[in-house]
Structures are given as C-alpha cells and as structure tokens.
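See structure below.
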Amino acid sequence: MCRRTSGAPFVTWILLSSEQFELSVGQPTVLKSSDHGTRWFCDRCGTPISFQSSKRPGKIDVTVCSLDDPNSCRPTEDLYVEGRLEWAHGIEVH
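Residue numbers (this note's numbering): 2 to 95.
See below:
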C-alpha cells in the first residue's frame, strides 16, 4: 500500500506519538486507504505526509522527506522486507 500511494519503491517513516507531531502550515487532504488506515497528503503538491492506523492508536507514521529537516532522522530498521522489490535487495541503509 505504501509503495502505491507514494509511487516509490520504498518509503522512509518516523514513528511518533500523535502529541509529538504538529503540522505547521496548511490543512492536509485525508485518504482512507484501508479499513484501518488513514493517510494525509498535501493537496497542492501531492507529497505524502503521514499514516495513522486504528491498530496503533495514539501513534502516527510521518514521511521523513516531508519534514523540514529530513537529515535529522536516520533510519534504524528495515521493515516489511518480504515485500521488497527484487531489484532493491542490494540497496543498503548506512
């Protein structure tokens, strides 16, 4: 689902409590992407902003590259590797 909604081979997220996240400008458009998931995106440029699941109340996944300073968040885990595209197996996070 993340690959289809982002149009990218993978998406880098930061998991926060809902209280840790504040949208500083604008009002996002909301997409109900599954029975348990809601995604926010910018209706002006299409940038995916976040994902919230009713399976994890009080948590929000935020796309790292939508942040003002994406360099401030370094990936520490590689999840959902079973769905990785075949050609992406040689890509490593350093």
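Glycine is no exception: its CB is placed at the ideal position from the N, C-alpha and C atoms.
Whole-Å CB distance - residue i paired with residue j, under 8 Å assumed
i, j, result
"W41", "S34", "Contact flag wrong, Cβ pair sits at about 10 Å."
"W14", "V65", "6 Å"
"S19", "G59", "5 Å"
Identity of the residue in the options nearest residue i by Cα
i, options, result
"R57", "G38, S25, C46 and V65", "G38"
"I61", "P10, S7 and L17", "L17"
"S25", "C43, V12 and E87", "C43"
"E87", "P10, D79 and S19", "P10"
"S7", "C74, V63 and D69", "V63"
Nonlocal neighbours in the same chain, by C-beta distance under 6 Å from residue i, ignoring five residues either side
i, result
"S67", "T48 and I50"
"A89", "P10"
"C74", "I15 and V65"
Inset, instruction - Please specify which runs of the beta strand (DSSP E), each continuous and at least 3 residues long, are wholly inside the stretch 27–57, giving them in chain order. - result: Taken in chain order, the unbroken stretches of beta strand (DSSP E) that lie wholly in the stretch 27–57 and span 3 residues or more are 30–33, 38–42 and 49–54.
Legend entry - Cβ contact check for the stretch 48–65 and the stretch 17–37: 3 or more pairs under 8 Å: Taking 8 Å as the limit for Cβ pairs, the verdict is that the stretch 17–37 does touch the stretch 48–65.
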